[in-house]
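J.:
Residue numbers (this note's numbering), protein chains in the order written: chain Y, 73 to 418; chain Z, 73 to 418.
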């Protein structure tokens, strides 16, 4: 299907755009009253697993704001359930995995499921959203990257210092590599199924990889990211690779092979791009907490980011991480319009 | 007093050393049985506030291992109590501030105390330690840097996304600057008092500054760090400036004027040093979680770090952040000896 507003996809491919396209990580979320209204009736996992609800939530922000891309409402962890991992979301605590992977036997017992069966709800939601969008803007699919999925599965939730994960990685590398290979197969087939269902781009979230040293990332993580990126790119859609706290790993990020690299707010955008080198698009990088500031301060920072990206093709405006829960909605609306207006080529 | 083992101080000044000196952040801590034995008899704040106990704990690691520097056992938050801040340490929760700064009136009410009175316990501990060390190795004093103190005082404890701090910083910059100026005066006089009491170097911990964008660091934080660094350097002792997640801020770190910059493990040491440029010493940067790995893996990573620092004066070996609570003590002992042995100039 032809996409009418293809600014985002053009930027992914580093083609000239009319203005800097913008979408926001976690743009479908608690900061919106429309989301909270649905959330009152369903648990978080019910929302993810009910296709018409997930589709409705996906569409809320793109109906409210002139965003240049939608992103499917889903979560990185449900695909793990099909492997044999027992997942719940606890009130105020986030995800809890009740049978965390700790032994070689735990890893050996994992199966690689068929995501067309075990995550059919997300694939169906993608189809519903695409029917509704009807080519107005592109739809982004996503998956957790293997390291971030592994660290959740090992720690049993959000880790603090990832010592259990690192102990498995360094102490029993065979077990680690076997786990990462299984997760890589899962990620690839899950992304494949999403592309079949109709997504126009894929973002790999490696949210926790920034807790690794370059030494460990290079040896224990990068080869698996490479496999995922290469497999998804072969399907003909651009791949965005995103992590936080990775400012010190520019050369390794480039080696992922991703079309677009997500950059958090801990580095100036031009500095990040210079370190990454030519031939890659960049997504970012406003500090999400800045959206709580008075509008004038937000504008100063947006101007700064746009100025640092000026003269280069391939900038996608985004926050440096997911939008925060209580972000003022009027600032979100103004941000989207301002980025598009201020960056428009005269 | 002449220091017999001055390898650490020589490295701070980028003078040639016989080997790479090593100390470990939080080297006096829970991972040691000797520490836990004392901790059973006192609360954490009692330990900090009882000079002979603080001195005993300071000396535990330098008696157990051939470390090249001691660091006074203290905490960054007690100096805030003299300003009017009500601080406790809750079991398993860390520090809690019961009257967090939220309004202009809260900030206006803060007084700048005389640390010679309000933190006399730490100054006395410094004197006791120096008497005991008798010039064997240098003693490092420390303080929180203004931003990190401000964010604790505003959030009321460890923040997650620092949205309250950033809201004050961007929303009421006059209040922010007034708070930072008061904290800067506190930090300077506290460090001054520590140098008078006998410390041989000072580390400024800006543990949370890595959560800022370079834009905000430059405008709202750097000028105050500059004041602190300049004032302490004038006293004739080297200053180490340490933060985590600051790999994207090399040029700003250089502008602090510190003699030594602490680097976390999220960047290769040679890459960090290249970005920082010549004329500065570097401290770091082993991932603390690596100490849970089998010794062979630890050794590979130490070799890598030493190789990346080879040929340059001014490398101080350390972890990239504080040592973790359950770190195996035999790995700590081996690490200290191995760094000194492997780096020794033949």
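Built from N, CA and C at the ideal position, the CB exists for glycine as well.
Taking Cβ positions only, does residue 361/Y come closer than 7 Å to chain Z?
T.: For the purposes of this step, residue 361/Y is taken as residue 289 along the first chain, with counting starting at 1. At least one chain Z Cβ lies under 7 Å of residue 361/Y.
J.: Of all the CB atoms in chain Z, is at least one closer than 7 Å to the CB of residue 242/Y?
T.: Against the first chain, residue 242/Y aligns to sequence position 170. Yes, residue 242/Y lies at the interface with chain Z (some Cβ there is under 7 Å from its Cβ).
J.: Would you mind telling me which residues of chain Y sit closer than 7 Å to residue 343/Z, beta carbon to beta carbon, in chain order?
T.: Here the question's residue 343/Z lines up with position 271 in the second chain. Near residue 343/Z (Cβ distances below 7 Å), the residues of chain Y are 320.
J.: With DSSP as the reference, label residue 293/Z as helix, strand or coil.
T.: Residue mapping note: residue 293/Z aligns to position 221 of the second chain, counting from 1. Residue 293/Z falls in the coil class under three-state DSSP.
J.: Please state whether the Cβ-Cβ distance between residue 294/Z and residue 324/Z is less than 7 Å.
T.: The residue labelled residue 294/Z in the question sits at position 222 within the second chain. The residue labelled residue 324/Z in the question sits at position 252 within the second chain. Cβ atoms of residue 294/Z and residue 324/Z: closer than 7 Å.
J.: Determine the extent of the beta strand (DSSP E) in which residue 387/Z is found, giving its start and end residues.
T.: Here the question's residue 387/Z lines up with position 315 in the second chain. Residue 387/Z -> beta strand (DSSP E) spans 387–391.
J.: List the endpoints of the continuous alpha helix (DSSP H) containing residue 368/Z.
T.: Sequence index remark: in the second chain, residue 368/Z carries index 296 (1-based). Per DSSP, residue 368/Z belongs to the alpha helix (DSSP H) from 367–381.
J.: For the pair the stretch 194–207 of chain Z and the stretch 234–247 of chain Z, tell me if three or more CB-CB distances fall below 8 Å.
T.: Segments in contact, no.
J.: If contacts are defined as beta-carbon pairs under 8 Å, then residue 96/Z and residue 370/Z qualify, I think. What distance do you get, rounded to the angstrom?
T.: For the purposes of this step, residue 96/Z is identified with residue 24 of the second chain, where counting begins at 1. For the purposes of this step, residue 370/Z is identified with residue 298 of the second chain, where counting begins at 1. So it is not a contact: roughly 13 Å between Cβ atoms.
J.: Taking contact to mean 3 or more Cβ pairs, one atom from each stretch, closer than 8 Å, check whether the stretch 332–348 of chain Y and the stretch 371–388 of chain Y are in contact.
T.: Result yes; three or more Cβ-Cβ pairs closer than 8 Å.
J.: Taking the CB atoms as reference points, tell me whether residue 366/Y and residue 393/Y lie closer together than 7 Å.
T.: Position 294 of the first chain, counted from the first residue, corresponds to residue 366/Y. Position 321 of the first chain, counted from the first residue, corresponds to residue 393/Y. No, Cβ-Cβ distance for residue 366/Y and residue 393/Y is not below 7 Å.
J.: Could you tell me the boundaries of the beta strand (DSSP E) in which residue 215/Z lies?
T.: By 1-based counting over the second chain, the position of residue 215/Z is 143. 211–216 is the span of the beta strand (DSSP E), which, as asked, contains residue 215/Z.
J.: Going along the chain, which residues of its own chain have a beta-carbon closer than 7 Å to the beta-carbon of residue 410/Z, five neighbours each way excluded?
T.: Counted from its first residue, the second chain places residue 410/Z at position 338. Once the five neighbours on either side are set aside, the close Cβ partners of residue 410/Z are 371, 374.
J.: By the 7 Å beta-carbon criterion, what residues does the stretch 273–302 of chain Z contribute toward chain Y?
T.: Those residues of the stretch 273–302 of chain Z that come within reach of chain Y (Cβ to Cβ, closer than 7 Å) are 282, 285, 286, 287.
J.: Compare the C-beta of residue 248/Z with all C-beta atoms of chain Y and state if any pair is closer than 7 Å.
T.: Start at 1 with the first residue of the second chain, and residue 248/Z comes out as number 176. Taking Cβ atoms only, chain Y never reaches closer than 7 Å to residue 248/Z, which makes this a no.
J.: Quick one: what's got a C-beta closer than 7 Å to residue 284/Z's C-beta in the same chain, skipping five residues either side?
T.: Within the second chain, residue 284/Z is the residue found at index 212, counting from 1. For residue 284/Z, where only same-chain residues beyond five positions count, the Cβ hits under 7 Å are 293.
J.: Quick one, which of 194/Y, 173/Y, 258/Y, 205/Y has its alpha-carbon nearest residue 213/Y's?
T.: Here residue 213/Y is taken as the residue at index 141 of the first chain, counted from 1. Looking at the Cα atoms, 194/Y is the closest of the given residues.
J.: Should residue 240/Z be counted as a contact of the ligand SAH given a C-beta to heavy atom distance under 6 Å?
T.: As far as ligands go, the structure on display features none, and thus does not contain the ligand SAH.
J.: Would you mind stating whether residue 161/Z and residue 116/Z have Cβ atoms separated by less than 7 Å?
T.: Here residue 161/Z refers to the residue found at position 89 of the second chain. Here residue 116/Z refers to the residue found at position 44 of the second chain. A contact, by the Cβ cut-off of 7 Å.
J.: May I ask you to report which of helix, strand or coil DSSP gives residue 145/Y?
T.: Position 73 of the first chain, counting from 1, holds the residue named residue 145/Y. In this structure, residue 145/Y counts as coil in the three-state DSSP scheme.
J.: Quick check: the Cα distance between residue 92/Z and residue 416/Z, rounded to an integer number of angstroms?
T.: As a position in the second chain, residue 92/Z is number 20, starting the count at 1. As a position in the second chain, residue 416/Z is number 344, starting the count at 1. If you take the alpha carbons of residue 92/Z and residue 416/Z, they lie about 7 Å apart.
J.: Secondary structure at residue 181/Z, three-state DSSP: helix, strand or coil?
T.: For the purposes of this step, residue 181/Z is taken as the residue at position 109 of the second chain. Reduced to three states, the DSSP call for residue 181/Z is coil.
J.: Check whether the Cβ of residue 232/Y lies closer than 7 Å to any Cβ atom in chain Z.
T.: What you label residue 232/Y is simply residue 160 of the first chain in a count that begins at 1. Not one chain Z Cβ lies under 7 Å of residue 232/Y.
J.: Could you give the DSSP three-state label for residue 353/Z: helix, strand or coil?
T.: If you number the second chain from 1, residue 353/Z lands on position 281. Of the three classes helix, strand and coil, the one that applies to residue 353/Z here is strand, per DSSP.
J.: Apart from the five residues just before and just after residue 302/Z, which ones in its own chain have a Cβ nearer than 8 Å to its Cβ?
T.: Taking the second chain and counting its residues from 1, one reaches residue 302/Z at position 230. Excluding sequence neighbours, residue 302/Z sits near 329.
J.: For a contact meaning CB atoms closer than 7 Å, what does residue 337/Y contact in chain A?
T.: Within the model displayed, chain A is absent; protein chains Y and Z are what it includes.
J.: My guess is that residue 288/Z and residue 317/Z are in contact by the Cβ rule of under 8 Å, so how many angstroms apart are they, rounded?
T.: One-based indexing of the second chain puts residue 288/Z at position 216. One-based indexing of the second chain puts residue 317/Z at position 245. At roughly 14 Å, the Cβ-Cβ gap does not stay under 8 Å, so residue 288/Z and residue 317/Z are not in contact.
J.: Per DSSP, which residues does residue 273/Z bridge with? Please list them.
T.: In the second chain, the residue the question calls residue 273/Z occupies position 201. Answer by DSSP bridge pairing, in chain order: 212/Z.
J.: From what residue to what residue does the alpha helix (DSSP H) around residue 195/Z run?
T.: Taking the second chain and counting its residues from 1, one reaches residue 195/Z at position 123. Start and end: 192–205.
J.: Measure the CB-CB distance between residue 209/Z and residue 140/Z and report whether it falls below 7 Å.
T.: Within the second chain, residue 209/Z is the residue found at index 137, counting from 1. Within the second chain, residue 140/Z is the residue found at index 68, counting from 1. The answer is yes: Cβ separation under 7 Å.
J.: Quick one: Cα of residue 220/Y to Cα of residue 228/Y, how far?
T.: Taking the first residue of the first chain as 1, we reach residue 220/Y at position 148. Taking the first residue of the first chain as 1, we reach residue 228/Y at position 156. So the two alpha carbons sit approximately 12 Å from each other.
J.: Using 7 Å as the limit for Cβ to Cβ distance, is residue 238/Y near chain Z?
T.: The residue given as residue 238/Y occupies position 166 in the first chain. Closer than 7 Å to some Cβ of chain Z, the Cβ of residue 238/Y qualifies, so yes.
J.: Once DSSP output is grouped into helix, strand and coil, what is the label at residue 226/Y?
T.: Position 154 of the first chain, counted from the first residue, corresponds to residue 226/Y. In the structure shown, residue 226/Y sits in a helix (DSSP, three-state: H, G or I).
J.: From the DSSP output, read off the bridge partner residues of residue 313/Z.
T.: Counting from one through the second chain, the residue named residue 313/Z turns up at place 241. Residue 313/Z is bridged to 276/Z, 333/Z.
J.: Assign residue 167/Y to one of three DSSP states: helix, strand, or coil.
T.: For the purposes of this step, residue 167/Y is taken as the residue at position 95 of the first chain. Looking at residue 167/Y - three-state DSSP - the assignment turns out to be strand.
J.: Using a Cβ-Cβ cut-off of less than 7 Å, give me the residues of the stretch 388–406 of chain Z that come near chain Y, in sequence order.
T.: From the stretch 388–406 of chain Z, only 396 have a Cβ closer than 7 Å to chain Y.
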